[in-house]
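What follows is a single structure, written as structure tokens, with notes after it.
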Amino acid sequence: MESIEMPHCGNLNSDVQKTYLAKKQLGTIWLYDVCAKAEETTSIIDPFRKVFCEKIEVCHMKFRNFMMKSMSLTFSRFEEIMMINAGTVFFASPAKLWETKKYNKTGNFFMHDRIIEEASYMVQRVAGKPEVSIEQEYLSNFDVKPFRSLATLERPKATLKNPTSVTLNFEPSDFLMTSHSFNTRASRHVDPSLVLWNKKRQPRATAILASFIALNNILAPPSYGDNEYFFYASELAETLYTFSDHAMGAIGTNFIDGSPKNSTLCGDMAQVLPIHQDGVPDNDVPLFYLNSNRILDFKPNVDPIYYMKARPWAYYPGPFDERTQNCSFGITVGMLSE
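The sequence shown: position 312 = 315 (the numbering used here), numbered continuously.
Quick look at the structure:
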């Protein structure tokens, strides 16, 4: 059984902690105050200089939210980390991912977020430069030189042309060149419900990740919370990393049947198994997880529950137009009971 860490920011009730520790079926659980660790951390060069926050109250303000993920990964006692949001509901064991080629080749594995078109976060335009997004500008301005002394899993140079007007001061990946966010098609990139990260194999990416939340002159990247930090750190580390083969899906009751590959489903986010298998059609890829507890509210005997069948992550269905952002369209839909 895998060991479990449960970091908190000094706000996890002691009775709740005792309840978790009493659940022997969960195996070994370490509960720890990551904000206290952050407040205690000082520079190895100057022991009077705090690295993450000057006072515990400041730590609480900074990290008592979903900005805590990067800090938790930084202070984790584990070298190989599978970080799971507490509200994630799995239909299949995520432990299968430890054995995949994607993880074992790179050490860093992520799931895609849904395509959101709102002009914010990663695709917000730079003032006075309507053709440049803040993601593009951030990547073009980031100085990778101080981190190049740290080891990384060297990736091949990009074979695709930079589709933007910015000049990058690092060796980008082909994935970046084709990503929806870099091409200003989506304002979010990473679903933080499930992240795999290998600190031993990815020391440069880990250092860059920590730098985003440290007290220094490095600006934090444009992101929805710290969800995108894992992607930015991996890309800027000039290292190998991987994403799911499949796009973020959807689950819900609001289904408009427009025939296969032409239907619309509005609802909560859902993921299918992330690894494409030769010979397995997209229609046969099973659900992997939901990143909400809405399943508790579903009443399939009253309203049938539908989910989006798998489709390749790189596919772009087009603009939302009059549709709301929680609607997946141009899709094939199945029933949850299937």
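Beta carbons are placed, not taken as given, at the ideal position from N, Cα and C, and that holds for glycine. Being a predicted model, the structure only gives us computed values, none of them experimental.
Checklist entry - To which residues does DSSP link L290 through a beta bridge? => result V275
Checklist entry - So, E121 versus S190, is the Cβ gap smaller than 8 Å? => result yes
Item to check | Nearest-angstrom Cα separation, counted from E174 out to K202 | outcome: 21 Å
Checklist entry - If we count the other Cβ atoms within 10 Å of its Cβ and call it buried at 16 or more, is F51 buried or exposed? => result exposed
Item to check | Beta-carbon gap between A236 and A208 smaller than 8 Å | outcome: yes
Item to check | Neighbourhood of S75 by C-beta, 8 Å cutoff - its chain only, sequence neighbours within 5 removed | outcome: E8, P10, V37, M86
Item to check | Sufficient close CB pairs (3 or more, under 8 Å) joining the region 27-43 to the region 57-76 | outcome: yes
Item to check | Test item: CB-CB of H349 and D116 under 8 Å | outcome: Residue 349 cannot be examined here, being either before or after the span of the chain that is shown, 4 to 341.
Checklist entry - Should S196 and N88 be called a contact, given that it needs their Cβ atoms to be closer than 8 Å? => result yes
Next on the checklist: To test your reading of the DSSP string, which unbroken beta strand (DSSP E) runs of 3 or more residues are found completely within the region 97-127?
Outcome noted: 112-115
Next on the checklist: What would DSSP say about P206, mapped onto helix, strand or coil?
Outcome noted: helix
Checklist entry - Among L243, T170, M114, R188, which has the Cα closest to the Cα of S176? => result L243
Checklist entry - Ends of the alpha helix (DSSP H) at Y232? => result 232-239
Next on the checklist: Taking the alpha-carbon of Y124 as reference, which of F94, A210, Q139, Y319 has the nearest alpha-carbon?
Outcome noted: Q139
Checklist entry - Can you pull the DSSP bridge partners for S136? => result R128
Checklist entry - Buried or exposed: P277, going by 16 or more other Cβ atoms within 10 Å of its Cβ? => result buried
Next on the checklist: Quick check on DSSP: helix, strand or coil for M71?
Outcome noted: helix
Checklist entry - Looking only at its own chain, which residues have a Cβ that is under 8 Å from the Cβ of P133, when we skip the five neighbours before and after it? => result none
Item to check | Alpha-carbon to alpha-carbon, N172 and K53 | outcome: 30 Å
Checklist entry - Closest to A95 by CA distance: which of R128, R204, P289 is it? => result P289
Next on the checklist: Taking 8 Å as the cut-off, does the region 293-307 touch the region 211-227 (at least 3 CB pairs, one atom from each stretch)?
Outcome noted: no
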